[in-house]
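*Asks:*
There are 2 protein chains.
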Amino acid sequence: MSNSKKPESSKAYLAGLANQVPSSSRRDFLKKGIKFSTGLAATAATSAAISDNLPPNIPSWSKTLGSGVVSTPYGIPSKFEKNVIRRTVPWLTADKISSISMSPIQELKGIITPNGLVFERYHAGAPIVNPEEHRLMIHGLVDNPLIFTMDDLMRFPSESVINFLECPANGGMEWRGPQMEALQFTHGMISCCEWTGVRLSTLLAEVGVQTKGKWILAEGADGAAMSRSIPMDKALDDALIVYAQNGEMLRPEQGYPVRLFNPGWEGNTSVKWLRRLEIGDKPWHHREETSKYTDLMPDGRSRRFSYEQEANSVITSPCPENPWGQKGAYEIEGLAWSGRGKIKHVDVSIDGGVTWRPARLKGLVLSKALTRFSLPFKWSGAPLLLQSRAIDETGYVQPTLNQLRDIRGTNSIYHKNSIHTWQLQSNGKIKNVQLK
Amino acid sequence: MSNSKKPESSKAYLAGLANQVPSSSRRDFLKKGIKFSTGLAATAATSAAISDNLPPNIPSWSKTLGSGVVSTPYGIPSKFEKNVIRRTVPWLTADKISSISMSPIQELKGIITPNGLVFERYHAGAPIVNPEEHRLMIHGLVDNPLIFTMDDLMRFPSESVINFLECPANGGMEWRGPQMEALQFTHGMISCCEWTGVRLSTLLAEVGVQTKGKWILAEGADGAAMSRSIPMDKALDDALIVYAQNGEMLRPEQGYPVRLFNPGWEGNTSVKWLRRLEIGDKPWHHREETSKYTDLMPDGRSRRFSYEQEANSVITSPCPENPWGQKGAYEIEGLAWSGRGKIKHVDVSIDGGVTWRPARLKGLVLSKALTRFSLPFKWSGAPLLLQSRAIDETGYVQPTLNQLRDIRGTNSIYHKNSIHTWQLQSNGKIKNVQLK
Chain F
4 MSNSKKPESS
14 KAYLAGLANQ
24 VPSSSRRDFL
34 KKGIKFSTGL
44 AATAATSAAI
54 SDNLPPNIPS
64 WSKTLGSGVV
74 STPYGIPSKF
84 EKNVIRRTVP
94 WLTADKISSI
104 SMSPIQELKG
114 IITPNGLVFE
124 RYHAGAPIVN
134 PEEHRLMIHG
144 LVDNPLIFTM
154 DDLMRFPSES
164 VINFLECPAN
174 GGMEWRGPQM
184 EALQFTHGMI
194 SCCEWTGVRL
204 STLLAEVGVQ
214 TKGKWILAEG
224 ADGAAMSRSI
234 PMDKALDDAL
244 IVYAQNGEML
254 RPEQGYPVRL
264 FNPGWEGNTS
274 VKWLRRLEIG
284 DKPWHHREET
294 SKYTDLMPDG
304 RSRRFSYEQE
314 ANSVITSPCP
324 ENPWGQKGAY
334 EIEGLAWSGR
344 GKIKHVDVSI
354 DGGVTWRPAR
364 LKGLVLSKAL
374 TRFSLPFKWS
384 GAPLLLQSRA
394 IDETGYVQPT
404 LNQLRDIRGT
414 NSIYHKNSIH
424 TWQLQSNGKI
434 KNVQLK
Chain V
4 MSNSKKPESS
14 KAYLAGLANQ
24 VPSSSRRDFL
34 KKGIKFSTGL
44 AATAATSAAI
54 SDNLPPNIPS
64 WSKTLGSGVV
74 STPYGIPSKF
84 EKNVIRRTVP
94 WLTADKISSI
104 SMSPIQELKG
114 IITPNGLVFE
124 RYHAGAPIVN
134 PEEHRLMIHG
144 LVDNPLIFTM
154 DDLMRFPSES
164 VINFLECPAN
174 GGMEWRGPQM
184 EALQFTHGMI
194 SCCEWTGVRL
204 STLLAEVGVQ
214 TKGKWILAEG
224 ADGAAMSRSI
234 PMDKALDDAL
244 IVYAQNGEML
254 RPEQGYPVRL
264 FNPGWEGNTS
274 VKWLRRLEIG
284 DKPWHHREET
294 SKYTDLMPDG
304 RSRRFSYEQE
314 ANSVITSPCP
324 ENPWGQKGAY
334 EIEGLAWSGR
344 GKIKHVDVSI
354 DGGVTWRPAR
364 LKGLVLSKAL
374 TRFSLPFKWS
384 GAPLLLQSRA
394 IDETGYVQPT
404 LNQLRDIRGT
414 NSIYHKNSIH
424 TWQLQSNGKI
434 KNVQLK
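Residue numbers (this note's numbering), protein chains in the order written: chain F, 4 to 439; chain V, 4 to 439.
#1: Just verifying my parser: in three-state terms, what is the DSSP assignment at residue 178 (chain F)?
#2: Grab the span of the alpha helix (DSSP H) containing residue 315 (chain F) for me, first residue to last.
#3: Report the neighbours of residue 254 (chain F) on chain V: residues whose CB is nearer than 8 Å to its CB, in chain order.
#4: Would you kindly work out how many angstroms separate the C-alpha atoms of residue 159 (chain V) and residue 372 (chain F), rounded to a whole number?
#5: Answer yes or no: does any C-beta atom of chain F fall closer than 8 Å to that of residue 116 (chain V)?
#6: Do the stretch 272 to 282 of chain F and the stretch 357 to 372 of chain F make contact, defined as three or more Cβ pairs closer than 8 Å?
#7: Please report whether the beta-carbon of residue 225 (chain F) lies at a distance below 8 Å from any beta-carbon of chain V.
#8: At a Cβ threshold of 8 Å, is residue 382 (chain V) touching chain F?
#9: To which residues does DSSP link residue 221 (chain F) through a beta bridge?
#10: From residue 420 (chain V) to residue 108 (chain F), what does the alpha carbon distance come to, in whole angstroms?
#11: Is there a Cβ of chain F sitting closer than 8 Å to that of residue 236 (chain V), yes or no?
#12: Taking DSSP's pairing of strands, which residues face residue 381 (chain F) in a bridge?
#13: Could you list the residues in the stretch 88 to 112 of chain V with a C-beta less than 8 Å from some C-beta on chain F, going in chain order?
#14: Alpha carbon to alpha carbon, what distance is there between residue 222 (chain V) and residue 283 (chain V)?
#15: Could you name the residues of the same chain whose beta carbon sits closer than 7 Å to that of residue 209 (chain F), not counting the 5 residues immediately before and after it, in chain order?
#16: Along the stretch 358 to 382 of chain V, what residues have a CB closer than 9 Å to any CB found in chain F?
#17: By the three-class DSSP mapping on this structure, what secondary structure does residue 351 (chain V) have?
#18: Looking at C-alpha atoms only, which residue of F:127, F:369, F:332 and F:338 is the closest neighbour of residue 344 (chain F)?
#19: Residues of the stretch 120 to 138 of chain V in Cβ contact with chain F at a cutoff of 9 Å, in chain order, please.
#20: Do the stretch 394 to 406 of chain V and the stretch 332 to 347 of chain V meet, that is, are 3 or more Cβ pairs less than 8 Å apart?
#21: DSSP three-state label for residue 247 (chain F), please.
#22: Starting from residue 209 (chain V), trace the alpha helix (DSSP H) both ways and give me its first and last residue.
#23: Tell me the rounded alpha-carbon separation between residue 157 (chain V) and residue 234 (chain F).
#24: Answer yes if the stretch 90 to 107 of chain F comes into contact with the stretch 174 to 191 of chain F, meaning at least three C-beta pairs across the two stretches below 8 Å, and no otherwise.
#25: Output, in sequence order along the chain, the residues in the stretch 293 to 324 of chain F whose CB is closer than 8 Å to any CB in chain V.
#26: Examine chain V for any beta-carbon lying closer than 8 Å to the beta-carbon of residue 239 (chain F), and answer yes or no.
#27: Between residue 67 (chain V) and chain F, is the shortest Cβ-Cβ distance under 8 Å, so that the two count as touching?
#28: Please classify residue 298 (chain V): is it buried, with 16 or more other beta-carbons within 10 angstroms of its beta-carbon, or exposed?
#29: Could you name the residues of the same chain whose beta carbon sits closer than 8 Å to that of residue 358 (chain V), not counting the 5 residues immediately before and after it, in chain order?
#30: Cα separation between residue 278 (chain F) and residue 308 (chain V)?
#31: Could you work out which residues of chain F lie near residue 64 (chain V), taking near to mean beta carbons separated by less than 7 Å?
#32: Alpha carbon to alpha carbon, how far is residue 162 (chain F) from residue 390 (chain V)? Give it in angstroms, no decimals.
#33: Give me the Cα-Cα distance between residue 287 (chain V) and residue 217 (chain V), rounded to the nearest whole angstrom.
#34: Would you tell me roughly how many angstroms separate the C-alpha atoms of residue 132 (chain V) and residue 242 (chain F), rounded to the nearest one?
#35: Verify the CB distance criterion: does residue 413 (chain F) have a CB-CB separation below 8 Å to chain V?
#36: Determine the DSSP secondary structure at residue 238 (chain F), reduced to helix, strand or coil.
Following this line, the structure appears as structure tokens:
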């Protein structure tokens with residue numbers, strides 16, 4: 004084919020192929036053709052496939068005018084993506100107003116979660132808060148209690164960070180064995196966004212925290228008055244009072260108009276619809292830090308104030324929702340994260356942890372953010388036991404389930420960050436299995 | 004106030020304040036209270052304001068249950084944000100199917116533009132493309148022409164990058180003087196997203212580009228068959244074949260299901276709804292690189308193939324849409340970007356460029372991405388001429404309008420990246436003015 008070909012006939016040429024080459028045959032040569040970045044020539048079948056496919060045939064959408072600008076002043080996804088949505092597990096909770104939805108991480112690319120797909124967690128439903136009427140009070144052991152309007156908060160210098168947000172119950176249904184045959188349900192209580200707000204330390208400097216002030220009670224404006232006790236060290240370290248998410252104001256389900264955000268800590272501590280910060284000298288032991296967000300240890304004691312989300316990872320491709328269709332070249336891809344800092348290294352195993360291969364970390368590797376890992380792989384069609392193992396910059400190594408159970412027992416709900424196993428069957432389908 | 008106060012009465016206490024302290028008086032003490040991060044105590048008026056505002060008064064949304072999870076399986080913004088939308092200028096084009104909409108950058112935070120607010124540019128409207136039927140052909144001076152389905156493209160190893168995307172006409176209405184009294188219209192033809200796809204160099208290795216192949220014609224599947232000639236060097240450098248944006252599949256208006264993406268280059272070269280890449284030995288001189296995207300120079304010749312978006316910046320706060328209400332402490336904030344790499348430095352002037360102060364670069368500073376800059380400022384109420392000046396890592400300094408006109412004259416439409424001036428009036432309002 005020469006480059007002097009006119010666009011019209013080239014276009015027709017393509018269209019002919021697009022509509023007439025049987026998918027299977029195209030797949031066959033293409034599969035053979037894929038030599039990731041090796042530059043090896045594709046097979047003869049390719050040229051044949053092209054030269055056999057005249058006459059012209061142009062797709063309908065190339066023959067008509069499309070929709071104009073601002074047809075959707077605030078845009079929405081393509082109708083062909085209608086299955087990429089948040090989902091909940093009906094049997095998991097008694098009511099949707101005190102429940103959780105999961106992000107479709109099996110469909111997500113890169114590290115940013117679009118706002119429409121960020122997982123939800125409510126204790127009394129998502130309130131509709133009028134930002135004009137909303138106030139944030141900081142009081143207690145301070146020299147000068149202050150009340151902030153949204154305009155007040157947004158006048159302070161802002162900071163933006165890309166961090167993951169995870170519910171500590173992520174994966175918690177599987178402490179006692181596989182329950183879920185979908186990545187969205189085994190690991191979907193996590194998202195990663197760019198968060199913008201004012202440093203909590205800046206506001207605390209305004210009110211003047213007294214020397215006795217060591218803890219902060221954060222309380223939400225929702226019907227549950229959701230509240231958690233936060234140590235002063237975290238508040239002065241990297242905690243933010245956040246009003247924006249991925250460039251725009253918070254979504255209602257994410258705490259609009261303002262929330263606390265504690266990077267790397269369990270999501271419930273990042274109290275949404277934030278209305279009050281009280282400075283005290285000890286934790287409050289409120290409802291959500293006694294009845295919930297605690298774990299029963301083997302010795303009968305309760306593990307509490309377990310704030311940090313320890314290093315975790317999961318293979319997102321393949322997964323139950325995205326099986327492999329046929330033998331050939333694929334990218335084994337996944338996500339890793341740590342509440343303690345950057346992901347330093349990720350290993351992938353195809354034999355259930357007997358041997359490990361180093362994965363490549365792709366794109367941005369940010370502290371307390373989702374990190375993509377990759378391992379190009381040529382599948383022979385043999386069954387595999389696929390696992391990933393994350394190591395963070397503190398040297399923490401993601402544990403096996405047994406290692407975790409040795410310390411935490413089997414009565415926990417939260418903080419299950421053990422190595423996950425996907426069983427790839429010879430038909431390409433994926434099963435959720437748990438190795439001892 | 005002691006920390007032994009019960010949550011109920013504290014909550015009531017806050018509510019009382021929230022609804023009863025007159026906004027003006029709160030603003031007064033708060034304004035005095037704001038000493039960015041200095042930790043200086045707020046004024047006595049603060050405590051007074053609080054202790055005067057019993058009895059209790061709890062906002063309605065704290066007394067009811069909110070909506071449950073997956074009430075919106077794909078979430079949408081708060082109803083209170085309905086004015087944060089893309090907008091177009093009716094007189095700018097004859098028809099909305101060959102027009103542009105602008106992003107509300109005056110409202111955006113951080114560096115990520117949410118997908119619903121990314122500016123739009125069409126040459127024949129946005130087509131609705133069925134991803135199952137869509138094909139990408141790579142042909143011309145190659146050893147093995149190939150046709151890719153979306154499944155084929157998504158099997159290759161993916162890469163994700165955060166880059167800005169800008170129309171070269173951004174600001175183009177103002178070559179001959181201020182036209183627009185809104186930041187959304189002076190600089191809104193820009194967005195910044197995380198883009199995910201396969202490296203074009205990977206696909207070119209698959210087809211085997213012949214030694215004579217120096218240029219690529221990229222053609223879209225829209226009604227305009229929008230096409231541009233791309234030099235092979237760019238294709239082999241950092242060009243991507245992109246199918247995802249901020250974690251999810253491209254929006255229809257952004258080229259769903261697949262587009263070319265040329266980091267740092269004028270937006271029209273990142274051809275949307277991409278259906279064909281033809282390898283040739285010279286540029287094609289198609290419609291959109293002759294009638295459009297060229298500039299008439301003073302010597303009567305046309306400046307063409309002006310791909311790179313040179314360093315640019317603008318102050319986003321204050322701006323015509325976000326005036327300053329009163330004297331006191333503010334953050335002068337803005338955005339800077341360069342198609343040639345990272346932003347190295349940004350200066351801010353309050354006197355129309357007579358003197359300059361270095362701004363702080365906030366958050367991530369990424370190559371070919373929007374970069375936030377900040378200068379805390381105490382406004383006395385005097386009129387100001389606010390400007391920003393970006394310098395990128397190549398040493399390129401954003402020019403004044405005169406410097407730009409000396410080279411390009413006044414007949415250009417595209418690539419107006421000169422220093423922009425906001426006139427802050429003593430009433431806090433902002434006027435778009437142009438200094439010689």
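Just so you know, even glycine gets a beta-carbon here, dropped at the ideal spot from N, CA and C.
*Replies:* To lay it out plainly:
#1: coil
#2: Residue 315 (chain F) -> not in any alpha helix (DSSP H); beta strand (DSSP E) instead, spanning 315 to 320.
#3: 78, 79, 80 and 81
#4: 24 Å
#5: yes
#6: no
#7: yes
#8: no
#9: F:231 and F:280
#10: 39 Å
#11: no
#12: F:332
#13: 88, 89, 90, 91, 98, 99, 100, 102, 103, 104, 110, 111 and 112
#14: 13 Å
#15: 149
#16: 363, 365, 366, 367, 369, 375, 377 and 379
#17: strand
#18: F:369
#19: 120, 121, 122, 123, 124, 125, 127, 128, 129, 130, 131, 132, 133, 134, 135, 136, 137 and 138
#20: yes
#21: strand
#22: 203 to 210
#23: 45 Å
#24: yes
#25: none
#26: no
#27: yes
#28: buried
#29: 352
#30: 54 Å
#31: 130, 131, 132 and 224
#32: 22 Å
#33: 12 Å
#34: 44 Å
#35: no
#36: helix
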